[in-house]
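Visitor: Just remember that the working numbering sits 455 ahead of the position in the sequence shown, which is counted from 1. For glycine and all other residues, C-beta sits at the position ideal for the given N, C-alpha and C.
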Amino acid sequence: MDYISPALPDSQCYLDGNFVPLRDAKVSVLDRGFIFGDGIYEVIPVYGGQPFCFEEHMARLDRSLAELQIANPLSLAQWRDIAMRLIAPGGNAPQAVYFQITRGVAPRDHAMIKGLTPTVFVMVNPLPPVSDAVRAKGVTCVTADDFRWQKAHIKSTSLLGAVLSRQISVEAGAADTVMFRGDSLSEASSSNVWIVKDGVLIGPPKDNLVLTGIRYGLLERLCREGGIPFALRRVSRDEVFGADELILSSASKEVLPVVTLDGKTIGNGHPGPIYKSLYAAYQQAKQRNAEKQGATA
456 MDYISPALPD SQCYLDGNFV PLRDAKVSVL DRGFIFGDGI YEVIPVYGGQ PFCFEEHMAR
516 LDRSLAELQI ANPLSLAQWR DIAMRLIAPG GNAPQAVYFQ ITRGVAPRDH AMIKGLTPTV
576 FVMVNPLPPV SDAVRAKGVT CVTADDFRWQ KAHIKSTSLL GAVLSRQISV EAGAADTVMF
636 RGDSLSEASS SNVWIVKDGV LIGPPKDNLV LTGIRYGLLE RLCREGGIPF ALRRVSRDEV
696 FGADELILSS ASKEVLPVVT LDGKTIGNGH PGPIYKSLYA AYQQAKQRNA EKQGATA
């Protein structure tokens, strides 16, 4: 008996040039995204009916496609048009636009076959906000060795490593899994990780060992505007546990304070002043974006 189909949303999605009900969308079992995870994706938050940091997300989509040697099948204007057609009109509830491009359909062969037509899929989901109560208290995380591959900078649909690392925190009753490559901080299962020490926001460098989240550029800008020192460099395990503040960032979490790691208190055990400043600035940036894009739509 099919228990899943009735639970699927009846909203529209975009698949290979057509807008169809999500529950009716189908792809070939020989699609390389299904067989190999041979594709990339992006998730863009939507506030006030307007995508947030749209151009930055699409620039990263371009970079990921280039790493996989897949030509971008659509223009920036076409991507935006698809998103705006799917975003629920007339409401201010946060949403998330999910874009996925795979290499396409071909007989199973590990080699990257040339000339395939990419499979393009777009959908919109609700984006439940983190509650005020959770933000006021902060969250707990656990640590693990970063056992994923060496090309973490590609936002690939091959997410088994992220699934396994996230499950570690699920089974521990924690918000996320903070990972280390040797002694160096990398990222969490679905978030970037930042420390604060002596008033400076510090994160790992932009390289192939982390997925450079859109919040990298956004937080750097918010820090500059707010007079908060900002640095990217290798961060040791001891520095993480000795930090004044520990912060997660992602499209869904925005910025989120971590107050306990592996059962050890971070800082004074409460969300700190740098987090509070960044969170307030983040909300202002969202509001400005919605007002600006709404005025030019």
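(1) Return the CA-CA distance between Asn723 and Glu694, expressed in angstroms with no decimal places.
(2) Give the DSSP-derived three-state secondary structure of Pro728 in the structure shown.
(3) So Glu700 and Ile729 are in contact, right, with Cβ under 8 Å, and what is the actual spacing, rounded?
(4) Excluding the 5 residues flanking Ala599 on each side, which residues of the same chain have their C-beta closer than 7 Å to its C-beta?
(5) In whole angstroms, what is the alpha-carbon distance linking Pro659 and Ser639?
(6) With distances taken from CA atoms, which of Gly654, Asn527, Gln505, Pro712 is nearest Ala740?
(7) Smallest Cα separation from Ser641: which of Met578, Trp534, Tyr469, Leu703?
(8) Can you check whether the CB of Val589 is closer than 8 Å to the CB of Val412?
(9) How far does the alpha helix (DSSP H) with Ala617 in it extend, from its first residue to its last?
(10) So Met634 is in the beta strand (DSSP E); what residue range does that whole segment cover?
(11) Within 10 angstroms of the Cβ of Pro433, are there 16 or more other Cβ atoms? Answer buried if so, exposed if not.
(12) For Lys481, which beta-bridge partners are listed by DSSP?
(13) Determine whether the beta carbon atoms of Pro581 and Ala538 lie at a separation below 8 Å.
(14) What separation, rounded to the nearest whole angstrom, lies between the Cα atoms of Val579 and Leu541?
(15) Suppose you measure from the CA of Gln555 to the CA of Asp517; what does that come to, to the nearest Å?
(16) With distances taken Cα to Cα, identify the nearest neighbour of Leu687 among Glu680, Tyr671, Arg603, Ala735.
(17) For Gly697, which of Gly628, Lys719, Gln605 has the nearest alpha-carbon?
(18) Below 8 Å between beta carbons: does that hold for Leu496 and Lys606?
(19) Using the DSSP secondary-structure output, state which residues sit across from Ile702 in a beta bridge.
(20) Per DSSP, Glu497 forms a beta bridge with which residues?
(21) By the three-class DSSP mapping on this structure, what secondary structure does Asp587 have?
(22) Contact check, Val560 vs Leu529 under 8 Å by CB: the rounded distance?
(23) To the nearest whole angstrom, what separates the beta carbons of Ile650 and Val594, a pair I think is in contact under 8 Å?
(24) Check the C-beta distance from Ala630 over to Cys596 and give it rounded, since I have them as a contact under 8 Å.
(25) Taking the alpha helix (DSSP H) that Ala599 falls in, what are its first and last residues?
(26) Go to Ala514, then tell me how far its beta strand (DSSP E) extends in each direction, as first and last residue.
(27) Look at the alpha carbon of Val475 and the alpha carbon of Asp536, and state the distance between them as a whole number of angstroms.
(28) By a C-beta neighbour count over all protein chains shown, 10 Å radius and 16 as the cutoff for buried, is Trp534 buried or exposed?
(29) Can you tell me whether DSSP reads Asp486 as helix, strand or coil?
(30) Identify every residue that forms a DSSP beta bridge with Pro581.
(31) Along the beta strand (DSSP E) that carries Ala643, what are the first and last residues, could you check?
(32) Taking the C-alpha atoms as reference points, what is the distance between Met567 and Ile525?
Guide: Once the coordinates are examined:
(1) 15 Å
(2) helix
(3) 6 Å
(4) Ser620, Ile623, Thr632, Met634
(5) 8 Å
(6) Gln505
(7) Leu703
(8) Absent from the model: residue 412. The displayed extent of the chain is 456 to 752, so no value can be given.
(9) 615-627
(10) 631-636
(11) Since the first residue of the chain shown is 456 and the last is 752, residue 433 is not available in this structure.
(12) DSSP lists no partner for Lys481.
(13) no
(14) 6 Å
(15) 12 Å
(16) Tyr671
(17) Lys719
(18) Reading off the sequence, residue 496 comes out as Tyr, not Leu. No, these two residues do not count as a Cβ contact at 8 Å.
(19) Trp649, Pro712
(20) Phe554
(21) helix
(22) At roughly 18 Å, the Cβ-Cβ gap does not stay under 8 Å, so Val560 and Leu529 are not in contact.
(23) 15 Å between Cβ atoms; not a contact.
(24) 6 Å
(25) Unbroken run through Ala599 is the beta strand (DSSP E), 594-600; no alpha helix (DSSP H).
(26) Counting along the chain, Ala514 falls outside any beta strand (DSSP E), though it belongs to the alpha helix (DSSP H) covering 509-522.
(27) 16 Å
(28) buried
(29) strand
(30) Gln550
(31) 639-643
(32) 9 Å
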